[in-house]
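Written below as structure tokens is the structure these notes are about.
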Amino acid sequence: MDPGARLKDVRTRLGITTREVAVFSKTIADAEGNEEFLISSPWLTQIENEKAALPSIYKLFTLASIYGLSYAQVLGLYGVDTQKVKKYHAELPIAKTHLTEYDLGDGPATLEVPVRFDAGLNLSHTNLLSRMIESWGKVPIEFIQHLDLRHRLYGFVGLKDYTLYPLIRPGSFVEIDPEVKKPRHVIARSEFDRPIYFVDLRNEYACSWCELVEDKLLLLAHPLSPIKTRVFVFEKEAEIIGQVTGVAMRIVLSLTEAGNEISKAQSQS
Numbered sequence: 378m379d380p381g382a383r384l385k386d387v388r389t390r391l392g393i394t395t396r397e398v399a400v401f402s403k404t405i406a407d408a409e410g411n412e413e414f415l416i417s418s419p420w421l422t423q424i425e426n427e428k429a430a431l432p433s434i435y436k437l438f439t440l441a442s443i444y445g446l447s448y449a450q451v452l453g454l455y456g457v458d459t460q461k462v463k464k465y466h467a468e469l470p471i472a473k474t475h476l477t478e479y480d481l482g483d484g485p486a487t488l489e490v491p492v493r494f495d496a497g498l499n500l501s502h503t504n505l506l507s508r509m510i511e512s513w514g515k516v517p518i519e520f521i522q523h524l525d526l527r528h529r530l531y532g533f534v535g536l537k538d539y540t541l542y543p544l545i546r547p548g549s550f551v552e553i554d555p556e557v558k559k560p561r562h563v564i565a566r567s568e569f570d571r572p573i574y575f576v577d578l579r580n581e582y583a584c585s586w587c588e589l590v591e592d593k594l595l596l597l598a599h600p601l602s603p604i605k606t607r608v609f610v611f612e613k614e615a616e617i618i619g620q621v622t623g624v625a626m627r628i629v630l631s632l633t634e635a636g637n638e639i640s641k642a643q644s645q646s
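Residues in the sequence shown are numbered consecutively from 378, following our numbering.
So this is what it looks like as structure tokens:
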């Protein structure tokens, strides 16, 4: 079905005549102070019946308002997928650092996310986010609408976990690709290129660099970390949940001096 026919179908379902659309459009045009928003009955008939007819951005706005559609839905009828705007922008080689702003008005307003965590949970320990949740609730989607909740896991780096400090700080949230189950051998040019893994240690979790030596899994800490290398029997004592693919963290650890925090961690390691 072509775009015009689809628009006609929506109008018919609402029980609105082309003349009524024209009347409604005048209300919008008057409110906006711009006659470009006006829609006449003959014009709408032409749009609905001629495949080559293309509405202006103003008239598409008017149709979306009258028909109760999002602007993105109306553009979608004409083959424009607004969800790809962010994708293409991210893929283009724009050299300079810059702010990016997107209009999220056409997206869902809220998303269900954890709003209450297990009261008995010890935030000092690294854990999978799913194990920490007691209840869910709806929050604005602006900053979380692109999380890949279906294909990714999310973990929390414990407040006393300095394994990869300062590369990954305590209190960070990490995104995990669960498809990776073994350490990968890569030639890393820097510490940022070394694969990081989220590991199940049976009674706790760890976020660390890893090496597999025969049947032993080595959890390697950052050179500046006070944490020592730990060794576990692979798959029996330690299992890789997945590879860390993203991280969200604060640059400042806390109001407490970082040196004091690290000293405490060193005394406990």
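The beta carbon of each residue, even a glycine, is placed where N, CA and C say it ideally should be.
A quick note: this is a predicted structure, and the numbers were derived from the prediction, not measured.
Classify residue i: buried if its beta carbon has 16 or more other beta carbons within 10 angstroms, exposed otherwise.
i: Phe627; result: It is Arg, not Phe, that sits at residue 627 in the sequence shown. Classification of Arg627: exposed, given that the 10 Å Cβ count is below 16.
i: Ile434; result: exposed
i: Gly532; result: buried
i: Leu431; result: exposed
i: Arg390; result: exposed
i: Glu588; result: exposed
i: Arg546; result: buried
i: Trp586; result: buried
Please name the residue, chosen from the options, that lies closest to residue i on a Cα-to-Cα basis.
i: Ile424; options: Pro380, Tyr531 and Val534; result: Pro380
i: Thr606; options: Ala615, Leu595 and Gly453; result: Leu595
i: Pro543; options: Ile604, Asn504 and Phe609; result: Ile604
i: Leu384; options: Glu412, Gly445 and Glu409; result: Gly445
i: Ile443; options: Tyr455, Leu578, Gly392 and Gln460; result: Gly392
i: Leu541; options: Phe569, Leu530 and Met378; result: Phe569
i: Asn580; options: Phe609, Pro600 and Leu454; result: Phe609
i: Glu613; options: Val624, Met378, Glu413 and Leu578; result: Residue identity differs from the one stated: residue 613 is Lys in this sequence, not Glu. Of the candidates Val624, Met378, Glu413 and Leu578, the one whose C-alpha sits nearest the C-alpha of Lys613 is Leu578.
i: Phe550; options: Ile564, Leu530 and Glu397; result: Leu530
Identify the residues that DSSP records as bridge partners of residue i: which are they?
i: Asp554; result: Gln620
i: Tyr574; result: Ser585 and Gln620
i: Leu541; result: For Leu541, which the question treats as bridged, DSSP gives no partner whatsoever.
i: Arg388; result: Partner(s): none; Arg388 has no beta bridge.
i: Gly532; result: Leu505 and Val551
i: Phe609; result: Leu594
i: Ala430; result: The partner list for Ala430 (beta bridge, DSSP) is empty, contrary to what the question assumes.
i: Ala406; result: Beta-bridge pairing links Ala406 to no other residue.
i: Ala382; result: BP columns for Ala382 are empty, so no partner.
Residue i: beta carbon under 6 Å from a heavy atom of the ligand ZN?
i: Ala430; result: With respect to the ligand ZN, the structure offers nothing, as it holds no ligand at all.
- Message: Does the segment 461-475 come into contact with the segment 395-406, if we say contact requires no fewer than three beta-carbon pairs (one atom in each stretch) closer than 8 Å?
- Response: no
- the segment 616-624 touching the segment 552-560, judged by at least three CB pairs closer than 8 Å: yes
- Task: Identify every run of the alpha helix (DSSP H) within the segment 436-477, keeping only runs that are complete inside it and at least 4 residues long; order them along the chain.
- Result: 448-454 and 461-468
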